[in-house]
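K.L.:
Residues 583 to 758 in my numbering are what the sequence shown spells out, letter by letter.
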Amino acid sequence: MIYWQIFLAFFIPGILGYGGGPASIPLVEEEVVNRYGWMSTQEFGEVLALGNALPGPIATKMAGYIGYMEGGLFGAFVGLFSTIAPSLILMLGLMAILFKYKDSAEVKNISKVVKPVIAVLIGFMTLQFIIESQTSLGSIQTIAIMALSYLMLERLKVHPAAVIALALIYGAVTGI
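1. Could you check how far apart the C-beta atoms of L662 and T642 are, in whole angstroms? I think they sit under 8 Å.
2. Please return the same chain residues whose Cβ sits closer than 7 Å to the Cβ of A747, not counting the five positions on each side in sequence.
3. Taking the alpha carbon of L713 as the point to measure from, which residue in T724, L703, I704 has its own alpha carbon closest?
4. In whole angstroms, what is the alpha-carbon distance linking E625 and M644?
5. Cα-Cα, which of S664, K697, A749, Y650 is closest to A605?
6. Quick one: Cα of L674 to Cα of L590, how far?
7. So, is G757 buried or exposed, given that buried needs 16 or more other C-beta atoms within 10 angstroms?
8. With a Cβ-Cβ cutoff of 8 Å, do L735 and P742 count as a contact?
9. Taking S664 as the reference, which of K694, S718, I597, Y752 has the closest Cα?
10. Alpha carbon to alpha carbon, how far is M707 from I594? Give it in angstroms, no decimals.
11. Residue ranges of each alpha helix (DSSP H) run of no fewer than 4 residues wholly in the stretch 615-662, ordered along the chain?
12. Please report the straight-line C-alpha distance between V629 and V614, rounded to a whole angstrom.
13. Hey, I607 and V660: beta-carbon distance below 8 Å or not?
14. According to DSSP, is G753 helix, strand or coil?
15. In three-state terms, what does DSSP make of S721?
16. Decide if L609 is buried, meaning its Cβ has at least 16 other Cβ atoms within 10 Å, or exposed.
17. Taking only the alpha-carbon atoms, compute the straight-line gap between W586 and G599 and give it to the nearest angstrom.
18. Between G646 and A658, is the Cβ-Cβ spacing less than 8 Å?
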């Protein structure tokens, strides 16, 4: 039963999360945190941060890790497969149709509509993480971390992986 749950937890977001990993992360969080209760929002945020720090697609890294934690090695395989299965099925099934209509205005307009939806989903997830951070760390540390992250990313142009690594080190040193 756990393998079926792992499959569904990553297959459904893979189908609904048009736009790749960033678009499916809030959907995976809904499944993993709220539906199955495998981890808390804070734990999910830590897995997300770790997944962002490592190279490669984030959704597959998270699926492999969460699948392994819940179902062992086979659970990791199920999580990874269920993450790529929707794309694989759709790619094989719709490649000819998409190629035929690739220059169509309707196909080009789909991306224009979906991008704002993805931005709202990511914004909502960010707001949840901020609220969780304020609850566990307090407002001063949350604002300081946000400000330093902004400064490093936008002003100093530090690579996002380095910012995440520094945040992980800060959390490890302070015991957060």
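Every residue gets a Cβ at the ideal spot worked out from N, C-alpha and C, and that includes glycine.
P.N.:
Judging by the given coordinates:
1. Locating residue 662 in the sequence shown gives position 80, counting from the first residue. Locating residue 642 in the sequence shown gives position 60, counting from the first residue. Between the beta-carbon of L662 and that of T642 there is about 6 Å, and that keeps the pair under the 8 Å contact cut.
2. Position 165 of the sequence shown, counting from 1, holds the residue named residue 747. Within the same chain, A747 has close Cβ partners A635.
3. In the sequence shown, the residue the question calls residue 713 occupies position 131. Looking at the sequence itself, residue 713 is Ile, so the reference to Leu does not match. Residue T724 is the option with its Cα nearest to I713.
4. Residue numbering aside, residue 625 sits at position 43 when the sequence shown is read from its first letter. Residue numbering aside, residue 644 sits at position 62 when the sequence shown is read from its first letter. Rounded to whole angstroms, E625 to M644 spans 12 Å at the Cα level.
5. Walking along the sequence shown from the start, residue 605 turns up at place 23. Answer by Cα proximity: K697.
6. Indexing the sequence shown from 1 puts residue 674 at position 92. Indexing the sequence shown from 1 puts residue 590 at position 8. Linking L674 to L590 through their CA atoms gives a straight-line distance of about 20 Å.
7. In the sequence shown, residue 757 corresponds to position 175, counting from 1. It counts as exposed.
8. Walking along the sequence shown from the start, residue 735 turns up at place 153. Walking along the sequence shown from the start, residue 742 turns up at place 160. In contact: L735 and P742 (Cβ atoms closer than 8 Å).
9. As a first step, residue 664 is located in the sequence shown; it is residue number 82 there, counting from the start. I597 is the residue among K694, S718, I597, Y752 whose C-alpha sits nearest the C-alpha of S664.
10. Counting from one through the sequence shown, the residue named residue 594 turns up at place 12. Counting from one through the sequence shown, the residue named residue 707 turns up at place 125. Answer to the nearest angstrom: the Cα atoms are 18 Å apart.
11. Those alpha helix (DSSP H) runs which fall completely within the stretch 615-662 and span 4+ residues are 623-635.
12. Taking the first residue of the sequence shown as position 1, residue 629 is located at position 47. Taking the first residue of the sequence shown as position 1, residue 614 is located at position 32. Looking at the backbone, the Cα of V629 and that of V614 are separated by about 11 Å.
13. As a first step, residue 607 is located in the sequence shown; it is residue number 25 there, counting from the start. As a first step, residue 660 is located in the sequence shown; it is residue number 78 there, counting from the start. For I607 and V660, no; Cβs fall outside 8 Å.
14. By one-based count along the sequence shown, residue 753 stands at place 171. G753: helix per DSSP, three-state reduction.
15. Stepping through the sequence shown from its first residue, residue 721 is reached at position 139. DSSP places S721 in helix when its eight states are reduced to three.
16. To locate residue 609, count along the sequence shown from 1; it is residue 27. By the beta-carbon neighbour count (other beta carbons within 10 angstroms, threshold 16), L609 is buried.
17. Along the sequence shown, one-based indexing puts residue 586 at 4. Along the sequence shown, one-based indexing puts residue 599 at 17. In a straight line, the C-alpha of W586 is about 19 Å away from that of G599.
18. The residue you call residue 646 lines up with position 64 of the sequence shown. The residue you call residue 658 lines up with position 76 of the sequence shown. G646 places its beta carbon less than 8 Å from that of A658.
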